[in-house]
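Data first, discussion second: the structure below is written as structure tokens.
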């Protein structure tokens, strides 16, 4: 992995390390925020939900704006601005105890993610050139490593003081901001690819009128509903904080250990859409063992935990298979124009899909039919795979690979 990383330009290498640091800083704080607000500050449940919901909404709802700003202002300034804003947001979370100030901190933290996430992916896609799929595979390794390390670091610090967690996370982002200002090269994107000459609303209308891209966004939104179940359905089925921790470790470990090998293997055999389709089929199939378990062995706790572990591993495997090809397909569908804006819209649609999908999963859980939520998610995976396969066969969706040249 390190040899692969060294073969990329400095900008790509720095983006990998940036994402590792971003995820460490984020995940060392966010898992413990609800506990701090409720137990530490004595806030009511509705206020805790409001603070967390505002953070999520300000990120998911503003991805499109963040991507647009990256295409208009340049990738590096928006990445730096996002990290600087998150520095302020995390510091304010640690130093504030009033609801208005905490809401401001949540908005700042969320908007920061909406700024740098599309910009980082667009920068990576541009700078990696024809090695984009390989770059996104490595990117996911660093991404998952941050998710794995962040909560462990946060757990050690939160035992001392939650405010210390916030200030350390803010300090990480402050250092990251300075490093990016000094060391991250300015990405020289061709003017034609940024869409700067096109009005913002006209550019958005053009994307929304691009049927293959919109269909791909909708199909992959279902995939994000599936992967998000590690936060919702799987913990409910596993029961106990120890089991839940095991699920997160297992999911990250699959990506860290297998990502580059799986991507190399898939690239030799399949096209982007074929790899994504198979990844989605795996993600859907992951929910069949728990469905079978609750049907045949409804009273066996051991069987249920084992089925959830298998589901988590297969779900992570499917995500690992599809992710690099998914990111590259967005660039291809964008025709190399307004790349960050396309990533922004894609993330926004995924966020809306997750919210709607989780609501439906919750309703299915309340129906008290144990196998129904699992079977519905398995069917969703199959439907998403079929949609991507049909899009591949659609002449309007077939586009040549894009190579951006400064």
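In our numbering, the protein residues as written are 38 to 443.
For each residue, glycine too, the CB sits at the ideal point set by N, CA and C.
Whole-angstrom distance between residue j and residue i, CA atom to CA atom
i, j, result
"residue 324", "residue 333", "15 Å"
"residue 78", "residue 86", "14 Å"
"residue 75", "residue 69", "10 Å"
"residue 6", "residue 45", "Not covered by the structure: residue 6. The range shown for the chain is 38 to 443."
"residue 368", "residue 162", "7 Å"
"residue 120", "residue 385", "20 Å"
"residue 57", "residue 183", "5 Å"
"residue 321", "residue 413", "9 Å"
"residue 61", "residue 186", "6 Å"
"residue 154", "residue 327", "33 Å"
"residue 47", "residue 312", "29 Å"
"residue 188", "residue 64", "5 Å"
"residue 156", "residue 265", "23 Å"
"residue 316", "residue 144", "34 Å"
"residue 209", "residue 338", "41 Å"
"residue 175", "residue 359", "13 Å"
"residue 173", "residue 73", "35 Å"
"residue 426", "residue 181", "28 Å"
"residue 272", "residue 99", "29 Å"
"residue 304", "residue 347", "25 Å"
Where residue i falls: helix, strand or coil (DSSP)
i, result
"residue 268", "coil"
"residue 334", "coil"
"residue 307", "coil"
"residue 50", "helix"
"residue 135", "coil"
"residue 371", "helix"
"residue 63", "helix"
"residue 224", "coil"
"residue 396", "helix"
"residue 287", "helix"
"residue 407", "coil"
"residue 353", "helix"
"residue 45", "coil"
"residue 364", "helix"
"residue 257", "helix"
Reference residue i; option with closest CA among the options
i, options, result
"residue 330", "342, 322 and 72", "342"
"residue 84", "126, 249 and 140", "140"
"residue 92", "103, 101 and 146", "146"
"residue 118", "51, 88, 421 and 218", "218"
"residue 307", "180, 176 and 429", "429"
"residue 198", "66, 404 and 55", "66"
"residue 42", "178, 102 and 404", "178"
"residue 261", "90, 422 and 237", "422"
"residue 101", "237, 160 and 220", "237"
"residue 298", "200, 170, 246 and 373", "170"
"residue 106", "152, 300, 380 and 247", "152"
Cβ neighbours of residue i in the same chain (closer than 6 Å, five flanking residues each side left out)
i, result
"residue 388", "97"
"residue 211", "124"
"residue 258", "386, 387 and 390"
"residue 95", "144, 147 and 148"
"residue 340", "330 and 334"
"residue 222", "48"
"residue 158", "380"
Other residues of its chain near residue i: CB distance less than 7 Å, five sequence neighbours each side excluded
i, result
"residue 5", "In the structure as shown, the chain begins at 38 and stops at 443. Residue 5 is therefore absent and cannot be evaluated."
"residue 288", "267, 349 and 353"
"residue 142", "126, 129, 130 and 133"
"residue 275", "281, 284, 342 and 345"
"residue 335", "407"
"residue 363", "257 and 313"
Assumed close pair residue i, residue j - CB separation to whole angstroms, cut-off 8 Å
i, j, result
"residue 192", "residue 205", "With a Cβ gap of about 13 Å, residue 192 and residue 205 do not count as contacting."
"residue 318", "residue 417", "In fact, because the Cβ distance is near 12 Å, the residues do not count as touching under 8 Å."
"residue 309", "residue 366", "5 Å"
"residue 382", "residue 166", "Incorrect: roughly 23 Å between the Cβ atoms, too far for contact."
"residue 253", "residue 244", "Going by Cβ atoms, the distance from residue 253 to residue 244 rounds to 12 Å, so no, they are not a contact pair."
"residue 111", "residue 224", "7 Å"
Residue-level contact to chain C via CB, residue i, 8 Å cutoff
i, result
"residue 297", "The structure shown contains no chain C; it holds only a single protein chain."
Contacts around residue i, its chain only, beta-carbon distance under 8 Å, and the 5 residues preceding and following it disregarded
i, result
"residue 50", "42 and 43"
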